[in-house]
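Participant: In terms of the UniProt record's numbering, the sequence shown opens at residue 1 and continues consecutively.
Built from N, CA and C at the ideal position, the CB exists for glycine as well.
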Amino acid sequence: MSEPVTVRALTGPELEAALDDVARLRITVFRDWPYLYDGSLEYERQYLQTYRDSPGALLVAAFAGGRLVGASTSTPMEDHAEAFAEPLRQIGLPVESILYGAESVLLPAYRGQGLGHRFLDLREDHARALGRRHVAFCSVLRPDDHPMRPAQYRTNDAFWTGRGYRPLPGVMAEFGWKDVGDAAETKKPLQFWIRAI
Numbered sequence: 001m002s003e004p005v006t007v008r009a010l011t012g013p014e015l016e017a018a019l020d021d022v023a024r025l026r027i028t029v030f031r032d033w034p035y036l037y038d039g040s041l042e043y044e045r046q047y048l049q050t051y052r053d054s055p056g057a058l059l060v061a062a063f064a065g066g067r068l069v070g071a072s073t074s075t076p077m078e079d080h081a082e083a084f085a086e087p088l089r090q091i092g093l094p095v096e097s098i099l100y101g102a103e104s105v106l107l108p109a110y111r112g113q114g115l116g117h118r119f120l121d122l123r124e125d126h127a128r129a130l131g132r133r134h135v136a137f138c139s140v141l142r143p144d145d146h147p148m149r150p151a152q153y154r155t156n157d158a159f160w161t162g163r164g165y166r167p168l169p170g171v172m173a174e175f176g177w178k179d180v181g182d183a184a185e186t187k188k189p190l191q192f193w194i195r196a197i
């Protein structure tokens, strides 16, 4: 049985103080399918700078025994990487109306306890508090015949759909990272999902 989990919404200095723990958690969780991310603390610190710089950033943090076991991050869309904002502009969505949910990561021992719902609840509350009309995020797309795809893998699509999110047909971002076992970074296609709140 895993330890009881407490979930807190962090902003400002509390968010900044937790970022190295978020970095370590991202490296651990995203190493698995479908991300296959071969990350480093140096890269993570650069990537997570967005959350230090954006006054509208949010970290929903799940703690067990004082240790960070889950995290869900978000920023106003215009504060995130331009590679994510541009596809939305191209279809006429004002990025200033969108809170971008960058990632939700949770250690396997703590899954299936409703924490994903809590992450989205607090993210959506934050979007409303900022006057945003939409919450969006991206999911990585991998080929069905990818050699590292686990036989029993199930997507999160049913969970997201049940929460009112829908994929935006044909609206994709591209973002690069180094896969486990690869020598260099490659760009991956990412499917946008969105919900009006």
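Is it true that the CB of residue 74 sits closer than 9 Å to the CB of residue 92?
Facilitator: No; because the gap between Cβ atoms is not below 9 Å, this pair is not in contact.
Participant: Heavy atom of the ligand PLP less than 8 Å from the Cβ of residue 8, yes or no?
Facilitator: Looking at this structure, you won't find the ligand PLP or any other ligand, since it has none at all.
Participant: Three or more beta-carbon pairs under 8 Å between the segment 105 to 112 and the segment 126 to 140, yes or no?
Facilitator: No contact exists between the segment 105 to 112 and the segment 126 to 140.
Participant: On the DSSP bridge assignment, give the partners of residue 190 in chain order.
Facilitator: Beta-bridge pairing links residue 190 to 140, 173.
Participant: How far does the beta strand (DSSP E) with residue 9 in it reach, from first residue to last?
Facilitator: Element bounds for residue 9: 5 to 10.
Participant: Which residue marks the beginning of the alpha helix (DSSP H) containing residue 161, and which one marks its end?
Facilitator: First-last of the alpha helix (DSSP H) with residue 161: 157 to 162.
Participant: Could you pull out every residue in the same chain whose Cβ sits closer than 8 Å to the Cβ of residue 123, ignoring the five residues on either side in sequence?
Facilitator: The residues are 58, 60, 72, 74, 99, 101, 135.
Participant: Evaluate residue 51 with the Cβ neighbour count: other Cβ atoms within 10 Å of its Cβ, from every protein chain shown; 16 or more gives buried, anything less gives exposed.
Facilitator: The residue in question, residue 51, is buried, as its Cβ has 16 or more Cβ neighbours within 10 Å.
Participant: Which value, in whole angstroms, describes the spacing of the CA atoms of residue 31 and residue 180?
Facilitator: In a straight line, the C-alpha of residue 31 is about 7 Å away from that of residue 180.
Participant: Do you know how far the Cα of residue 33 is from the Cα of residue 18?
Facilitator: Cα to Cα, residue 18 sits roughly 25 Å from residue 33.
Participant: Taking 9 Å as the threshold (C-beta atoms), are residue 26 and residue 103 in contact?
Facilitator: Yes, these two residues count as a Cβ contact at 9 Å.
Participant: Based on Cα-Cα distance, which residue from 137, 44, 70, 146 lies nearest to residue 3?
Facilitator: If we check each option's Cα against that of residue 3, 70 comes out closest.
Participant: Taking the Cβ atom as the reference point for each residue, do residue 195 and residue 164 lie within a distance shorter than 9 Å?
Facilitator: For residue 195 and residue 164, yes; Cβs fall inside 9 Å.
Participant: Who are the near neighbours of residue 13 in its chain, counting only those whose CB is closer than 7 Å to its CB and skipping five residues on each side?
Facilitator: Once the five neighbours on either side are set aside, residue 13 has no close Cβ partner at all.
Participant: Which stretch, first to last residue, makes up the beta strand (DSSP E) that contains residue 101?
Facilitator: Run containing residue 101: 98 to 106, per the beta strand (DSSP E) assignment.
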